[in-house]
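In our numbering, the protein residues as written are 1 to 99.
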């Protein structure tokens, strides 16, 4: 029984990593791979069009990664895994309920 519960917990955790998850405060967290082409990036999200949108600080506009320097799956080369905070699209901001 303990193995079943552990396996189920791992499966749920992996699902959250693959799709991004909401923290309840207006932000989501997203996982993927990045090749450092744009330099340090600290905020971003996967858009509904399957492009990654990023910014380099807590303020400013999100920029769409048209050149595909962010990916959801691992690839050979200079890719490293990331876990990044981003504003959930369509959310009015931290502390306010989603529409």
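Just so it is clear, CB atoms sit at the ideal spot from N, CA and C, and this is done for glycine as well.
This one's a predicted model, so the numbers in the text were calculated from it and none came from an experiment.
Query                                                                                                                                           : Result
Grouping DSSP H, G and I as helix and E and B as strand, with all else coil, what is residue 79?                                                : coil
Scan the region 29–68 and note each continuous alpha helix (DSSP H) run of 4 residues or more that stays entirely inside, going in chain order. : none
Identify every residue that forms a DSSP beta bridge with residue 71.                                                                           : 33
Rounded to a whole number of angstroms, what is the C-alpha to C-alpha distance between residue 63 and residue 54?                              : 5 Å
Looking at the structure shown, is residue 86 part of a helix, part of a strand, or coil, going by DSSP?                                        : strand
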